[in-house]
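Input: a single structure, listed below in structure tokens.
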Amino acid sequence: MERPSLGSIAQCVEAPPAGGDTLFSDSHAAYRGLRDELREQIEYLHGINDYRVFVMRLPDELTEQIKEAIPFGVTHPLVRTHPETGKPGLYIHGGFLRHESLFDSQTGEPVGEDRSRAIVAELLVQHQRPEYICRLQWEPGSMAFWDNRAVQHYAASDYHPHSRILRRVTVSGDVPFHDPDFSPAR
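Structure below.
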């Protein structure tokens, strides 16, 4: 999506007796924890993002309707500047980013498929390191708000045969950008 959601607000209606947690990974801490060399390599890299993984199981006519309504294949930076704090953070999602699609946004030159896949793999592992993760155990009535510009989230599906029911509102967002010299207005 050209303008990914800013974040979400969720309230738990029903929680399983065990499991069903939501994990949040701090994008800013994951970025700060990168090796200096890798941080420099990805500074101006962008990749193509789409939702093909999510529409693969849908009927063809529904897929076409979705593609007409929502732009398919947009570029986003791997390092995103938070528009309110100015902090840089990793901006990468394994399900949306085409792993072979990285290119230098300053020159337009592709990184190359093998190198692109290697960089994406390393960044995904980085974002999943336990020291960057906060885990929320849902209880009926509990609420959470998360900022997609600063965290990634993952809903654990380890509660079968029980149910987890959340009410969720998603807040519209802005176009991701990266500017190392950005200073938010105060």
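Under this note's numbering, read the sequence shown as residues 3 to 188, first letter to last. Beta carbons are placed, not taken as given, at the ideal position from N, Cα and C, and that holds for glycine. None of the values given here were measured: they were computed from a predicted structure.
Give the straight-line distance between the Cα atoms of residue i and residue j, rounded to the nearest whole angstrom.
{"i": "residue 248", "j": "residue 60", "result": "Only positions 3 to 188 of the chain appear in the structure, and residue 248 is not among them; the question remains open."}
{"i": "residue 206", "j": "residue 174", "result": "The structure shown has nothing for residue 206, since the chain only spans 3 to 188."}
{"i": "residue 22", "j": "residue 91", "result": "27 Å"}
{"i": "residue 15", "j": "residue 140", "result": "9 Å"}
{"i": "residue 8", "j": "residue 163", "result": "32 Å"}
{"i": "residue 161", "j": "residue 142", "result": "15 Å"}
{"i": "residue 18", "j": "residue 158", "result": "12 Å"}
{"i": "residue 29", "j": "residue 54", "result": "24 Å"}
{"i": "residue 49", "j": "residue 78", "result": "6 Å"}
For residue i, count neighbouring Cβ atoms within 10 angstroms of its own Cβ and tell me buried if that reaches 16, exposed if not.
{"i": "residue 171", "result": "exposed"}
{"i": "residue 153", "result": "buried"}
Would you give the residue range spanned by the beta strand (DSSP E) that residue i belongs to?
{"i": "residue 170", "result": "167-173"}
{"i": "residue 138", "result": "135-138"}
Per the DSSP calculation, residue i is bridged to which residue(s)?
{"i": "residue 156", "result": "25"}
{"i": "residue 145", "result": "13"}
Between which two residues does the alpha helix (DSSP H) holding residue i run?
{"i": "residue 116", "result": "115-129"}
Quick one: complete beta strand (DSSP E) runs, 3+ long, within the stretch 24-112?
-> 24-28, 47-51, 76-79, 81-83 and 90-92
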